[in-house]
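To start, the structure itself, in structure tokens.
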Ligand SMILES: [Fe+2]
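In my numbering, the protein residues as written are 1 to 343.
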């Protein structure tokens with residue numbers, strides 16, 4: 001459980017008020033590459049970035065309460081039935097969007113393509129289109145349709161990578177190693193074949209992570225919004241190419257005022273900004289995730305079940321640890337450069 005230190009947070013936020021405009025705006029500008037005034041002219045979501053400002057405790061605490069209320073709603077839990085994944089009805093789509101707007105995450109299930117993986121791939125692509133998503137994958141393992149099959153694999157391009165093994169995957173958001181301008185903003189995970197044992201997922205709204213961390217210490221949020229907060233070094237890829245170093249913030253605000261999160265709980269091949277507050281912030285965030293949260297979702301997908309989300313924090317337990325041969329667990333992953341439309 002997390003300790004809510006609202007009074008301490010309010011006090012610290014008050015202290016930061018005087019520094020707000022001198023500290024936050026340069027960070028914001030560096031993160032987004034735009035000054036907020038430019039956004040004011042064009043965006044209908046002009047005030048959405050207010051909650052993220054360290055200087056605006058009023059809007060922040062209003063937003064905070066609303067978010068926690070939405071995350072607690074019983075109608076935001078469980079699966080949305082989608083009859084034809086390729087053509088969600090207006091009411092199905094409205095419910096999917098509503099949940100994404102309120103919690104950044106929606107679980108769904110559909111019998112589409114359960115017996116036919118080619119059909120399922122087609123339907124997933126159509127589903128993404130119906131939700132206004134633009135496929136992002138130029139991933140080495142993506143098929144031409146931009147869909148990655150996550151399954152245990154010894155293929156040269158996949159061997160040794162945890163997603164293609166039975167091993168547990170630590171907390172992360174997808175594409176944390178991408179350049180800030182190529183962030184993954186949404187994704188779908190769709191289970192075609194579950195593991196025999198294990199292979200559970202947990203999901204946590206990045207906005208909840210922001211709230212928990214800011215409740216703990218607003219300075220920690222400030223530190224993780226720094227443009228050089230987290231560095232992932234360059235990496236030689238199996239195809240001989242080199243993925244360049246990725247330097248950027250953990251929390252950032254996009255041009256529409258939406259919060260974005262870039263994070264991995266890995267401890268190797270990652271460098272945190274050489275600053276004591278940043279180190280404490282990273283350690284606290286990792287600890288909060290490991291402790292668990294009542295508003296975290298934990299489940300083991302069955303065939304035909306999936307999640308559509310605005311790239312929320314997630315992990316995976318290991319699976320089939322006690323059997324000689326791994327099961328045929330197969331999860332399709334599709335990533336996108338934009339958020340679920342309307343959320
Ligand atoms: Fe992932």
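Every residue, glycine too, gets a C-beta built ideally from N, C-alpha and C.
task = Buried or exposed for residue 26, please, with buried defined as at least 16 other CB atoms from any protein chain shown within 10 angstroms of its CB.
result = Against the chain shown, residue 26 aligns to sequence position 26. Confidence in residue 26 is poor, its pLDDT being 35 and thus under 50, which makes the residue's placement too unreliable to answer from.
Whole-Å CB distance - residue 345 paired with residue 297, under 8 angstroms assumed = Any question about residue 345 goes unanswered here, given that the chain covers just 1 to 343.
query = How long is the line joining the alpha carbons of residue 196 and residue 316, rounded to whole angstroms?
reply = Taking the first residue of the chain shown as position 1, residue 196 is located at position 196. Taking the first residue of the chain shown as position 1, residue 316 is located at position 316. Just so you know, the alpha carbons of residue 196 and residue 316 end up roughly 14 angstroms apart.
query = When the Cα of residue 152 is compared with those of 309, 319, 200 and 120, which residue comes out closest?
reply = Here residue 152 refers to the residue found at position 152 of the chain shown. Out of 309, 319, 200 and 120, 319 has the C-alpha closest to the C-alpha of residue 152.
Counted within 10 angstroms of its Cβ, other Cβ atoms place residue 88 as buried (16 or more) or exposed = What you label residue 88 is simply residue 88 of the chain shown in a count that begins at 1. Counting Cβ neighbours within 10 Å, residue 88 comes out buried, since at least 16 surround it.
message = Does residue 368 come out as helix, strand or coil in the three-state DSSP assignment?
response = Shown here, the chain extends from 1 to 343; a query on residue 368 therefore has no answer.
task = Please say whether residue 336 and residue 379 have beta carbons closer to each other than 8 angstroms?
result = Within the shown structure, residues of the chain are numbered from 1 to 343, placing residue 379 beyond reach of any answer.
query = Taking the alpha helix (DSSP H) that residue 60 falls in, what are its first and last residues?
reply = Along the chain shown, one-based indexing puts residue 60 at 60. Residue 60 -> alpha helix (DSSP H) spans 57-72.
message = Just list the residues that DSSP pairs residue 226 with in beta bridges.
response = One-based indexing of the chain shown puts residue 226 at position 226. Its beta-bridge partners do not exist; DSSP assigns none.
Residues bridged to residue 296 [DSSP beta-bridge criterion] = As a working mapping, residue 296 is identified with position 296 in the chain shown. Beta-bridge pairing links residue 296 to no other residue.
request  = Evaluate the contact criterion for the stretch 167-185 versus the stretch 89-109: three or more CB pairs, one atom per stretch, below 8 angstroms.
outcome  = No contact exists between the stretch 167-185 and the stretch 89-109.
inquiry  = Check this for me: beta carbons of residue 108 and residue 148, under 8 angstroms apart or not?
reply    = For this step, residue 108 is matched to residue 108 along the chain shown. For this step, residue 148 is matched to residue 148 along the chain shown. For the pair residue 108 and residue 148, the CB atoms are not nearer than the 8 angstroms cut-off.
message = What does the alpha-carbon distance come out to for the pair residue 225 and residue 328?
response = Position 225 of the chain shown holds residue 225. Position 328 of the chain shown holds residue 328. Roughly 40 angstroms separates the two Cα atoms.
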